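Peer 1: Residue numbers (full-length UniProt numbering): 1 to 679.
Below, the structure is given as structure tokens:
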């Protein structure tokens with residue numbers, strides 16, 4: 001350590017000599033005087049340049065915590081590899097958050113100085129660059145170059161956001177006199193005050209070292225404030241980098257998405273397996289039906305067990321729920337118990353999925369964090385162990401908290417509720433049509449609207465149901481066709497409903513209420529009306545053409561918006577009409593609640609577990625380590641003690657490196673001696 005500033009210059013010259021003369025021992029360099037350093041060592045050719053740097057640490061009560069790098073000047077007249085080496089070294093140090101001072105000697109034209117171009121390359125917006133013009137005393141009196149440089153200083157040429165400053169440092173004669181710093185600053189002030197055109201400019205704040213230092217202090221504080229958010233984010237490594245999309249994060253996101261997909265599949269499997277027929281009725285289905293005749297079960301038990309539920313099961317369930325309701329009125333409790341039967345299974349699915357699938361996500365996240373801790377803090381064994389314990393406890397804390405939120409959300413689902421009235425109604429009507437088609441044996445059962453088998457039927461290429469064919473024939477030939485039922489009519493909204501007994505009698509006697517279209521079946525035993533012969537064009541019509549024809553004519557009669565799915569509503573009134581309606585309403589609600597749950601539960605887990613850890617990790621660590629307390633410095637000092645094994649290993653490697661460097665120097669000297677003929 002040097003305590004006398006008069007010894008600094010010699011120490012720097014020795015350090016520079018040692019860097020450029022690696023074949024000279026350090027002990028010999030420390031004994032060399034300034035004159036010896038100037039003439040060098042006989043038989044030892046110095047390197048033209050080196051990547052090694054000379055580091056000077058200044059310590060004092062009035063000194064700020066700041067790093068200053070004096071980079072080499074950009075050279076052009078040298079070997080290409082030397083030029084590239086210097087430029088790469090300069091670029092590597094001016095990247096990032098530093099303030100760039102570009103020294104531009106006024107003895108050369110500014111257009112020829114590559115240092116300014118390199119600064120613009122790394123700081124294209126110019127927010128970190130200041131130009132410092134040097135050697136103004138080297139310009140002769142009356143030189144045009146002085147006026148040209150004055151244009152630069154006053155901002156008329158080669159403008160920079162922070163502008164240019166001009167300084168004048170002691171020449172060789174003044175340095176030989178060992179003038180003080182105060183004397184050097186006085187000489188500088190006198191030069192600019194007495195020398196034109198510097199003495200005549202109105203931008204006098206741009207001249208002198210003191211003005212430059214004052215501006216640098218303000219600008220450095222400004223840059224620190226502007227870059228502080230970025231510095232904080234960098235200091236928040238390793239967890240901050242994990243959530244900004246680094247490659248290690250992809251595996252964690254993949255496992256999270258896989259767990260979400262498994263949860264969706266498990267909830268989808270709980271859908272009620274309603275079969276719109278009686279156990280003995282024939283029908284076609286897209287999945288196997290297994291009937292357990294040995295152990296009769298209620299409809300709710302069958303739903304919970306994910307077994308088929310037939311119309312007779314629903315009828316028995318409704319019968320148990322009826323109290324004092326009027327005929328045709330199904331109590332809400334009957335539908336609620338059917339709904340809660342499958343919703344009760346959601347709790348099991350969610351808990352199982354959370355404990356099994358998301359446990360693996362938690363382990364993956366912890367593994368990623370542990371790797372980051374090992375990488376960043378592997379040197380500090382005590383700190384490393386404390387961080388791992390803290391983060392493990394933190395993950396367990398948020399895992400449990402997220403589980404509590406999960407239970408609360410699933411508890412809400414125990415009471416049927418939705419404000420999505422339109423979707424609930426549309427889904428219920430869709431399933432009503434499908435169940436009626438299934439009851440008639442014209443449509444395969446579809447397990448789930450969200451699955452692979454149940455897709456909305458397209459208008460083209462669809463085989464119309466029996467009722468649709470009858471309607472199509474009625475409109476094509478204009479002849480009366482047997483109606484689905486003498487007690488069924490279209491209401492003015494275009495939906496199919498059962499007519500009251502009076503209406504049925506009036507229609508059977510030949511009268512038709514205003515605004516309604518009635519279809520009267522032929523009398524028993526009477527011949528059916530013969531349709532007119534089909535023309536060639538009629539025979540050539542495809543099924544989709546027939547459906548389109550029916551839909552078009554219904555629209556002309558005032559029933560717009562009818563779809564092929566609505567044809568299932570034309571089925572005649574069934575003895576299980578009430579049971580089919582209940583099935584449709586419960587299945588429609590499942591579809592509505594299913595879509596809600598498969599989105600809300602994963603979103604909750606993502607917000608209250610995964611992202612919660614990312615957002616609160618820094619604050620939790622600050623609290624855990626007491627960084628805001630009075631003993632914070634002492635606490636950090638204890639944690640930042642390096643592992644003795646790491647220290648010993650580093651010293652061993654450094655000693656080995658010094659031995660290898662000594663061998664390399666001896667081999668280099670041997671090569672030089674051989675080339676000089678000194679064997």
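The beta carbon of each residue, even a glycine, is placed where N, CA and C say it ideally should be.
This structure is a prediction, so every number in the text was calculated from the model and none was measured.
If I follow the unbroken alpha helix (DSSP H) through residue 636, where does it start and stop?
Peer 2: Start and end: 632 to 639.
Peer 1: Would you list the residues sitting across from residue 339 in a DSSP beta bridge?
Peer 2: The partner list for residue 339 (beta bridge, DSSP) is empty, contrary to what the question assumes.
Peer 1: Run the proximity test for residue 342: is its beta-carbon closer than 8 Å to any non-hydrogen atom belonging to the ligand PLP?
Peer 2: Of ligands this structure carries none, so the ligand PLP is not represented either.
Peer 1: Does the region 586 to 593 touch the region 413 to 421, meaning 3 or more C-beta pairs lie closer than 8 Å?
Peer 2: Yes, the region 413 to 421 touches the region 586 to 593.
Peer 1: Reducing DSSP to helix, strand and coil, say where residue 131 ends up.
Peer 2: Residue state, collapsed to three classes: strand.
Peer 1: Do you know offhand how far residue 17's Cα is from residue 59's?
Peer 2: Cα-Cα distance, rounded: 24 Å.
Peer 1: Would you list the one or two residues that DSSP bridges to residue 164?
Peer 2: Its beta-bridge partners are 131.
Peer 1: Report yes if the CB atom of residue 345 is closer than 9 Å to the CB atom of residue 317, and no otherwise.
Peer 2: No, the pair does not count as a contact, with Cβ atoms beyond the cut-off.
Peer 1: In its own chain, which residues sit with a C-beta less than 7 Å from the C-beta of residue 127, not counting the 5 before and 5 after it?
Peer 2: Here the set comprises 161.
Peer 1: Determine the contact status of residue 105 and residue 135, defining contact as a CB-CB distance below 9 Å.
Peer 2: Yes.
Peer 1: The alpha helix (DSSP H) spanning residue 408 covers which residue range?
Peer 2: Taken as a continuous stretch (DSSP letters only), the alpha helix (DSSP H) holding residue 408 covers 381 to 412.
Peer 1: Could you tell me whether the Cβ atoms of residue 373 and residue 388 are closer together than 9 Å?
Peer 2: Yes, the pair counts as a contact, with Cβ atoms nearer than the cut-off.
Peer 1: So, for residue 629: in the same chain, excluding its five sequence neighbours on each side, which residues have a beta-carbon less than 8 Å away from its beta-carbon?
Peer 2: Cβ within range, chain order: 635.
Peer 1: In this structure, does DSSP put residue 665 in helix, strand or coil?
Peer 2: It is helical.
Peer 1: Specify the secondary structure class of residue 615 as computed by DSSP and reduced to three states.
Peer 2: Note: residue 615 maps to helix in three-state DSSP.
Peer 1: Is residue 196 helix, strand or coil by DSSP?
Peer 2: Coil, per DSSP.
Peer 1: Around the C-beta of residue 133, are 16 or more other C-beta atoms found within 10 angstroms, so that it is buried, or is it exposed?
Peer 2: Counting Cβ neighbours within 10 Å, residue 133 comes out buried, since at least 16 surround it.
Peer 1: Take the Cβ of residue 131 as the centre, count every other Cβ of all protein chains shown within 10 Å, and call the residue buried at 16 or more, exposed below.
Peer 2: Classification for residue 131: buried.
Peer 1: What are the partner residues of residue 308, as DSSP defines its beta bridges?
Peer 2: Answer by DSSP bridge pairing, in chain order: 273.
Peer 1: Should residue 341 be labelled buried (16 or more other beta-carbon atoms within 10 Å of its own) or exposed?
Peer 2: Flag for residue 341 reads buried.
Peer 1: Quick check on this structure: which residue in 200, 555, 54, 123 has the alpha carbon closest to the alpha carbon of residue 13?
Peer 2: Cα-wise, what sits closest to residue 13 is 54.
Peer 1: Note down the Cα distance separating residue 326 from residue 616, rounded to an integer number of angstroms.
Peer 2: Cα-Cα distance, rounded: 59 Å.
Peer 1: Could you give the residue range of the alpha helix (DSSP H) that holds residue 80?
Peer 2: Run containing residue 80: 80 to 94, per the alpha helix (DSSP H) assignment.
Peer 1: Going by other Cβ atoms of all chains shown within 10 Å of its Cβ, with 16 needed for buried, is residue 108 buried or exposed?
Peer 2: The residue is exposed, with fewer than 16 neighbouring Cβ atoms inside 10 Å.
Peer 1: Taking the C-alpha atoms as reference points, what is the distance between residue 597 and residue 260?
Peer 2: If you take the alpha carbons of residue 597 and residue 260, they lie about 11 Å apart.
Peer 1: With respect to the beta strand (DSSP E) encompassing residue 153, which residues constitute its N-terminal and C-terminal limits?
Peer 2: From DSSP, residue 153 is part of no beta strand (DSSP E) but of the alpha helix (DSSP H) over 144 to 153.
Peer 1: From this set, 145, 663, 618, 37, which residue's C-alpha is nearest residue 391's C-alpha?
Peer 2: Closest option to residue 391, Cα to Cα, is 618.
Peer 1: CA-CA distance, residue 99 and residue 220?
Peer 2: One C-alpha to the other measures close to 7 Å.
Peer 1: Quick one: grab the DSSP three-state call for residue 326.
Peer 2: Coil.
Peer 1: Buried or exposed: where does residue 555 fall if 16 or more other Cβ atoms within 10 Å of its Cβ makes it buried?
Peer 2: By the neighbour-count rule (16 or more Cβ atoms within 10 Å), residue 555 is not buried but exposed.
Peer 1: Taking the CB atoms as reference points, tell me whether residue 640 and residue 380 lie closer together than 9 Å.
Peer 2: The answer is yes: Cβ separation under 9 Å.
Peer 1: If you follow the beta strand (DSSP E) that residue 105 is in, where does it begin and where does it stop?
Peer 2: That run of the beta strand (DSSP E) goes 100 to 105.
Peer 1: Just how far apart, CA to CA, sit residue 485 and residue 574?
Peer 2: Unreliable positioning characterises residue 485 in this predicted model, as indicated by a pLDDT of 37, which lies under 50. A coordinate reading is not provided.
Peer 1: Nearest to residue 191 by alpha carbon, out of 137, 662, 5?
Peer 2: Per the Cα distances, 137.
Peer 1: Quick check on residue 43: buried or exposed, where buried means 16 or more other Cβ atoms within 10 Å of its Cβ?
Peer 2: The residue in question, residue 43, is exposed, as its Cβ has fewer than 16 Cβ neighbours within 10 Å.
Peer 1: Who are residue 207's beta bridge partners in DSSP?
Peer 2: The partner list for residue 207 (beta bridge, DSSP) reads 166.
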